[in-house]
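Using the numbering used here, the first residue of the sequence shown is number 10, and each one after it goes up by one. Note that the Cβ used here is the ideal one computed from N, Cα and C, for glycine as well. From a predicted model like this one, the values you see are computed outputs, not experimental measurements.
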Amino acid sequence: MYLYLILNIASFLIPFLYSFESRMKYIKRWKAVSVSIFITAVFFIIWDIIFTKIGVWNFNPRYHSGIKFFGLPIEEWLFFICIPYSSIFIHFAFHYFYPKVSLSDKTVRIIYWILIIVLLPTIILHYNQLYTAINYGVLVLVLTYTVFKVPNILNTFFITFLIVLIPFSLVNGILTGSFIDEPVVIYNNAENLGIRLGTIPIEDIGYAFTMLLMSLVLIKKIEKNNMK
Numbered sequence: 010m011y012l013y014l015i016l017n018i019a020s021f022l023i024p025f026l027y028s029f030e031s032r033m034k035y036i037k038r039w040k041a042v043s044v045s046i047f048i049t050a051v052f053f054i055i056w057d058i059i060f061t062k063i064g065v066w067n068f069n070p071r072y073h074s075g076i077k078f079f080g081l082p083i084e085e086w087l088f089f090i091c092i093p094y095s096s097i098f099i100h101f102a103f104h105y106f107y108p109k110v111s112l113s114d115k116t117v118r119i120i121y122w123i124l125i126i127v128l129l130p131t132i133i134l135h136y137n138q139l140y141t142a143i144n145y146g147v148l149v150l151v152l153t154y155t156v157f158k159v160p161n162i163l164n165t166f167f168i169t170f171l172i173v174l175i176p177f178s179l180v181n182g183i184l185t186g187s188f189i190d191e192p193v194v195i196y197n198n199a200e201n202l203g204i205r206l207g208t209i210p211i212e213d214i215g216y217a218f219t220m221l222l223m224s225l226v227l228i229k230k231i232e233k234n235n236m237k
């Protein structure tokens with residue numbers, strides 16, 4: 010019944026405690042991180058509410074407390090705080106301890122164009138599958154904005170996202186049915202490609218990428234404004 014809540018707390022707790030680490034001093038970014046996560050969460054929660062209402066996905070009552078707001082379990086609301094916080098912590102921790110490890114601008118552009126070449130035809134061919142089309146459409150918009158406005162984020166984020174995918178795959182794998190009898194989040198396969206990485210719909214990778222990248226762009230903007 011409390012599996013989803015436990016996953017949220019477990020994902021958040023260790024990064025939060027390490028936020029006070031004396032060298033990295035991640036807690037000094039608290040204002041920018043919290044504001045960016047909140048703004049991003051508003052966008053994704055509205056998206057989530059609509060998709061839940063029209064049946065793109067749903068939530069298994071067996072694994073959540075039953076407390077709902079606008080049709081979403083309270084655990085789903087917490088997801089948009091706990092998972093981004095821990096993931097962004099990983100990004101900045103890597104950037105702090107390995108500052109010289111990053112991709113060149115040229116490599117970032119190459120990766121960008123490869124993604125665009127893959128994503129645009131997918132959107133066009135699967136325009137009637139809501140999760141696929143809207144998810145990848147938003148990804149293309151956020152990615153394109155970042156490449157042309159704040160490209161230096163991607164020099165590191167393309168690397169750190171691969172690291173984030175390790176804990177993300179564990180948590181999201183459980184949410185989608187790995188290691189348990191039934192999935193916590195039930196997807197309507199008519200609205201996605203039907204391609205799974207284990208139990209995880211392939212669209213979830215793009216969803217996570219967009220959510221985290223949007224937060225990082227906002228953090229960059231907020232910190233830049235604070236320096237003026």
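| Check | Outcome |
| --- | --- |
| Range covered by the beta strand (DSSP E) that runs through Ile-195 | 194 to 196 |
| Delimiting residues of the alpha helix (DSSP H) encompassing Asn-161 | 161 to 184 |
| Proximity winner among Lys-62, Ile-23, Ile-58, Ser-74, relative to Leu-14 (alpha-carbon distances) | Ser-74 |
| Which residues DSSP lists as bridging Leu-206, in chain order | Ile-209 |
| Candidates Leu-184, Thr-131, His-100, Ile-119: closest to Ile-228 by CA position | His-100 |
| Contact belief for Ile-214 with Arg-205 at Cβ below 8 Å, rounded distance in angstroms | About 11 Å; that fails the 8 Å criterion. |
| Pro-108 - DSSP class collapsed to helix/strand/coil | coil |
| Helix, strand or coil at Phe-218 according to DSSP, with G and I counted as helix | helix |
| From Pro-82, Leu-139, Lys-37, residue whose alpha carbon lies closest to that of Ala-199 | Leu-139 |
| Own chain, CB closer than 6 Å to Ile-36, minus 5 neighbours either side, in chain order | Ser-28, Phe-29 |
| Same chain, Cβ closer than 7 Å to Phe-218, neighbours up to 5 away in sequence not counted | Leu-148, Phe-170 |
| Spatial distance of Phe-188 from Asn-17 (CA atoms) | 17 Å |
| C-alpha distance - Pro-273 paired with Leu-134, whole-angstrom precision | Outside the shown range of the chain, which is 10 to 237, sits residue 273, and nothing can be said about it. |
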